[in-house]
Amino acid sequence: MNTHTPSPRVSDEVRKTTCYMCACRCGIDVHMKDGQVAYIEGNRDHPVNRGVLCAKGSAGIMQVNAPSRLRAPLKRVGPRGSGQFEEITWEEALETAASWLKPLRESAPEKLAFFTGRDQSQSFTSFWAQAFGTPNYAAHGGFCSVNMAAAGIYTMGGAFWEFGQPDWERTRLFLLFGVAEDHDSNPIKMGLGRLKARGARVVSVNPIRTGYNAIADDWLGITPGTDGLLILALVHELLKAGRVDLEYLARFTNAPVLVNAGDGPEAGLFLRDAGGKPLVIDSATGEAVPFDAPGVLPDLAGSLDRDGATHRSVFQLLAERYLGPAHAPEAVADRCGIPAPRIRALAAEIARAAFDAPVVIDQPWTDFRGIRHDRMVGRPVSFHAMRGISAHANGFQTARALHLLQILLGTVEAPGGFRFKPPYPKPVEAHPRPNATCRPGTPLAGPHLGFPLGPEDLCINDDGTPQRIDKAFSWEHPMSAHGLMHMVIPNAHAGDPYRIDTLFLYMANMSWNSSMNSTAAMAALTERAADGEYVIPRIIYSDAYASEMVAYADLILPDTTYLERHDCISLLDRPISEAEAAADAIRWPVVAPDRDVRAFQSVLIDLGARLGLPGFVKDDGTAAYADYADYIVNHQRRTGVGPLAGFRGAEGTQGGRGAPNPRQLDRYIANGGFWVTHVPDEAAFFKPWNRVYQNWAVEMGFYDAPQPYLFQLYSEPMRRFQLAAEGHGPHQPPEHLREGLRAAMDPLPHWSPPFGADTAQDYPLHALTQRPMAMYHSWGSQNAWLRQIHGVNPLYLPTRVWQAHGFADGDWARVTSPHGTIEVPVAHMAALNEHTIWTWNAIGKRRGAWALDPDAPEATKGFLLNHLIGALLPARGDGHRWANSDPVTGQAAWFDLRVKIERVAPRHSAKPLYPPVGSPVPKGVRLLRWRVGK
Amino acid sequence: MTALPDTTKRKLGLVIDLDTCVGCHACVIACKGWNTQVHGAPLSDTDPYGAAPEGTFLNRIHSYEVQPANAPAQIVHFPKSCLHCEDAPCVTVCPTGASFKREEDGIVLVNEDDCMGCGLCAWACPYGAREMDAAAGVMKKCTLCVDRIYNEHLPEIDRVPACVRTCPAGARHFGDLGDPDSDVSQLVAARGGFDLMPEQGTKPVNKYLPPRPRDQGAIGADEGDIDVLAPYLAPVTEGPGGFLGWLDRALGQLPGGRG
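So the sequence lines, in the order shown, correspond to chains A and B. Going by the numbering used here, the first sequence opens with residue 207, and the numbers climb by one from there. Going by the numbering used here, the second sequence opens with residue 1314, and the numbers climb by one from there.
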């Protein structure tokens, strides 16, 4: 009867590499049979995923055989947007690109705009752009979640996601904020599972109760854009009850630092000593001393009169602000959509969890003032946030508010709370300042992206105009640490601040789901000037797949899939470390490409050599690196510090620092594709202040000298911008931005209404999108297995809206915003904030793209909300183009979208419906049976 | 018609925790990936890039919305695959003997060589847990990864079903539910594990762990009832000035503080 063998052969060989189906970067075991990929599962030894793997990861096999994979370099032969291409050789492709770029570099490097999307090699792509000399480089952070990253770095020297994690083993109350089921995918699921297994409480604050929120013990279905109000009301309640960690605040934050409470050019700045160190009052002596004076316990309530001005501690300023009645639960409840008693109950639950039963680890440690602590004591409350709270015009301040709450409770870098992953924490001062001053034929003086500490660090010309095409680091968005990729096409099209020649994009679907107002983006990419030339004259694009963007480029450089290439997941970039270990990893070609495609990074190396870029050629002008693998092994950013930290030195025995090791990649492969080294026990917590950690970080090469610092509850860099807006200092903003800056650059976290609040009467509903967990950050829509899970995306309507409009199953709706109208299928969802509608993002596809049939549901009934979202705010009649972006960081304010809705008769297809684009790849198979080997 | 064994030596099965499942579909795809490679006919997909893609899956996740009377609506993610019933109607209905339940471990399998694709078993299964493969014309179903759990080519730790090995949230457990001392039996006892549709009389081996009560904070708090927690928010004093007075006293009590 029983025909199966109990022990069938699983595979010929297991090749261990790193997943690239999202930003999580799990270790994977790729099972090979007869030279083909047979099965992918999680690598049990890997620090990120410990053997588990999500749906995307297992479905990677359908990415490697996807019919949408580009097959050869392409040259456009039809009009832009038609998708008509001719295959060309790599030599022709590279010579064409070099012939376009070389004259730009020699005359006006800024005329190249090079932006990379979901790039996991930013330390390399930015290095290339820096060598080219254009100021116009960034990756996708500006339209994703720079608010989260920047608020974290400015406030506490690290952020959520790749930079930190909850102490899953010890936390007892976990609060999860924000829409999106994302970063970082598997560790969050694993962590939630561990919390559930030991009965810890999970509370979610999210307008939509999907995914992680569905398993939360308590759900607060907050109204979008009001998280900051809720958080500051929690702060109000906790302060009022004295439920804050005074010792932690005194020792490890700038709460005791003295702030000039007078008027004039120093108002709101820290009182500093001659050496520039902020001063605090020593509790023992009452004297003003540098914050890091040996043995000092700073006085949270300190104040001092000096030079005619009163200086008061940050803590006094923040207590006065947040104890005020504007922050009481009653004052915010209606706007948040959460009853005041519920807010108070949450505050009480946080207080109980934080202070009733501290987590104590019997591990002595020494802080940066030389004080020996005999134990590590922490507060078992932890927080995590998804990008939902940050994709608003008030997102930076909201993320700052959340960090304020964490820090007041003493739950950052303390047992049971939120922990950084090496090479974080790292204070903002240890990060670079942005560089954008370009000269023909010359590399940029330093990296493009950085963290301004004041107006003098902005990337502006003497007349105040932006140096960058995306206006990053200008007065419009002073702290835009990741750039504004979403503004590149609109600005290049408008010639504001100037025109460019070549737009060079990598892995970013800017004609479709990655642009605000995709309709306008397509028009901008195809518009011709009076002379018949395209307004954006040249577009080079690299992608592995026939995405919507392909049709809008003139030259296509086809990339490999992630299983066909070398990569490094570097500590110089977005780390894969865990709180107790530093780690990095590689990808390597576990299968060879069966098409004429090349890894984009190797193509950049080739292009760099053809252009003679410094760092890419030797003294004799020949290529410095054979390919990206060669670069990964041999490039040194600083002496002994390269893209990979593991197996360095001639013998491969050194970690962190060491000479290049020619066998480094072999060592990674033998080790399962990654390298990990553990943080010493005494350095496991309190890392920003912990002497053992600081010394270890220097040994590892994260920085070159210990960098102890205080958490910045009060942000002095923000105050410097605010002072300029108030008229002080040599660097002055344009008049039309002055008032907005003064409000936006508040040095203490504050809440302001998101964009669109003034049109609430006409557009009463909030509209949101999120990627489903099974597709997050993935190229899932052409994936034969994943599209069977999420092939349609109805617009979900809450019960109140459903009933008010008399919707029924199978109905459609017309949805209108100030920017446009769409007509789409709807569905009822009760577990949803009553003022909010939403859909899955990027299920909707352009007909003809992704090798899908033109009648695929993604292409007919799938839709994007992007058509409703302007890259610019509605014109104000003042002649200025106002970006729909956070005024602090430039983060795209996707989630400020407001709409109105009406019921319409069922349609055959969603509107707008665009004509199909030509496909550069053949159609897929009609029947799939993926079994390889015999 | 095919006979079931009177008893089985073991009752291997899954315990699925509905309190923890986030609905990520990891188990669905891991199952698809493994089972298309090894046991029986590959799990086919018809029209995989077209208007109506339809493939064979041995495990699917369904999501349901629940609206309690006095609390916010909830979403429950519900993974479903063959439950390896003790009284499996899919076996007794099989005209060829292709469907069978193993005496040694209770796993319900299909011998594809004997399956003529009549589909009676799928009709008989009250859970809709069997799927006819359109390309192979044979009935496919969860095998509990019978080609993994005894597989000597796999390290011992990996001899679990693919869905269990991959589940990121740890919501899936595998073991012998016939042994009251097994980890899975203990888990079922501790968490009030239940049978799916017990009224069908199929005696499923797989068990589900119920979601823990949700939104207890909402019930009551919305009406202003937070007595239990109220002491945690007792004001230290009234007004900002008073707050600084409290702060002075509190700072004096810090170790090394202003004594």
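Glycine is no exception: its CB is placed at the ideal position from the N, C-alpha and C atoms. On a predicted model such as this, the values are computed, not experimentally measured, just so you know.
| Query | Result |
| --- | --- |
| Can you give me the C-alpha to C-alpha distance between A/Gly855 and A/Asn877, rounded to a whole angstrom? | 17 Å |
| On the criterion of 16 or more Cβ atoms from any shown chain inside 10 Å, does A/Arg1052 qualify as buried, or is it exposed? | buried |
| Can you list, in chain order, the residues of its chain whose CB lies under 6 Å from that of A/Asn840, leaving out five sequence neighbours each side? | Pro866 |
| Mapping DSSP to helix, strand and coil, what is A/Thr491? | coil |
| Can you have a look at A/Asn392 and say buried or exposed, based on whether 16 or more other CB atoms are within 10 angstroms of its CB? | buried |
| Less than 8 Å between the C-beta atoms of B/Cys1458 and B/Trp1347, yes or no? | yes |
| Does the CB of A/Met207 have a neighbour CB from chain B at under 8 Å? | The predicted model places A/Met207 with a pLDDT of 40, which falls under 50 and marks its position as unreliable; any figure quoted below should be read in that light. It does; some Cβ of chain B falls within 8 Å. |
| Assign B/Tyr1311 to one of three DSSP states: helix, strand, or coil. | Any property of residue 1311 of chain B remains undetermined from this structure, which presents chain B solely from 1314 to 1572. |
| Are the beta-carbon atoms of A/Phe908 and A/Phe589 separated by less than 8 Å? | no |
| Taking 8 Å as the cut-off, decide whether the C-beta atoms of A/Arg593 and A/Cys350 are in contact. | yes |
| Could you check if B/Gly1572 is buried or exposed, using at least 16 other CB atoms within 10 Å of its CB as the buried criterion? | Residue placement at B/Gly1572 is poorly supported in this model, since its pLDDT is 47, which falls under 50; the coordinates are not used for a value here. |
| Compare the C-beta of B/Leu1564 against all C-beta atoms of chain A and say whether one is closer than 8 Å. | yes |
| Counting only beta-carbon separations shorter than 8 Å, does B/Gly1336 have a partner in chain A? | yes |
| Using 8 Å for Cβ pairs, my map puts A/Leu436 next to A/Tyr418. What's the rounded Cβ distance? | Between A/Tyr418 and A/Leu436 the Cβ distance is about 18 Å, and since that is not below 8 Å, they are no contact. |
| Check each residue of the stretch 1343 to 1364 of chain B: if its Cβ is closer than 7 Å to any Cβ of chain A, include it; give the result in chain order. | Ala1343, Lys1345, Gly1346, Trp1347, Thr1349, Gln1350, Val1351, His1352, Pro1355, Ser1357, Asp1358, Thr1359, Asp1360, Pro1361, Tyr1362, Gly1363 and Ala1364 |
| Along chain A, in chain order, which residues have C-beta atoms closer than 7 Å to that of B/Pro1548? | Lys446 and Ala447 |
| State yes or no: is the C-beta of A/Ala759 within less than 8 Å of the C-beta of A/Ile775? | no |
| Consult DSSP for A/Glu297 and reduce its assignment to one of helix, strand or coil. | helix |
| Excluding sequence positions up to five away, which residues of its chain have a Cβ less than 6 Å from the Cβ of A/Tyr245? | His237 |
| Grab me the residues of B/Glu1399's own chain with a C-beta within less than 6 Å of its C-beta, minus the 5 sequence neighbours each way, in chain order. | Lys1516 |
| Secondary structure at A/Lys222, three-state DSSP: helix, strand or coil? | strand |
| Taking the C-alpha atoms as reference points, what is the distance between B/Gly1569 and A/Phe369? | 33 Å |
| Kindly indicate which residue of A/Pro212, A/Leu1079 and A/Glu1029 has the alpha-carbon position closest to the one of B/Glu1465. | A/Pro212 |
| At 7 Å on the CB atoms, spell out the chain B contacts of A/Thr416, in chain order. | Ile1388 |
| What does the Cβ neighbour count give for A/His956, buried or exposed, with the cut at 16 atoms within 10 Å? | buried |
| Quick one: measure Cβ to Cβ for B/Gly1419 and B/Arg1323, integer angstroms, because I've assumed they're closer than 8 Å. | 6 Å |
| Evaluate the contact criterion for the stretch 1371 to 1378 of chain B versus the stretch 1400 to 1417 of chain B: three or more CB pairs, one atom per stretch, below 8 Å. | no |
| Would the stretch 659 to 676 of chain A and the stretch 890 to 905 of chain A be scored as touching if the rule is three or more Cβ pairs under 8 Å? | no |
| Using the C-alpha atoms, what's the distance from A/Leu1079 back to A/Arg1193? | The first residue shown for chain A is 207 and the last is 1140, placing residue 1193 of chain A beyond what the model contains. |
| Could you say if the stretch 913 to 925 of chain A and the stretch 459 to 467 of chain A meet the contact criterion of at least three C-beta pairs nearer than 8 Å? | yes |
| Do you know offhand how far A/Leu974's Cα is from A/Thr1045's? | 7 Å |
| Taking the DSSP output, what are the residues bridged to A/Glu1108? | A/Arg1020 |
| Identify the contact partners of B/Phe1556 in chain A, using a Cβ-Cβ distance below 9 Å as the criterion. | Leu445, Lys446, Gly448, Ala525, Glu526 and Leu529 |
| Shorter than 7 Å, the distance from the beta carbon of A/Ser313 to the closest heavy atom of the ligand NAD, or not? | With respect to the ligand NAD, the structure offers nothing, as it holds no ligand at all. |
| Where does A/Gln371 land, buried or exposed, given buried means 16+ other C-beta within 10 angstroms? | buried |
| Check whether the stretch 245 to 258 of chain A touches the stretch 1337 to 1352 of chain B, taking contact to mean three or more Cβ pairs, one atom from each stretch, closer than 8 Å. | yes |
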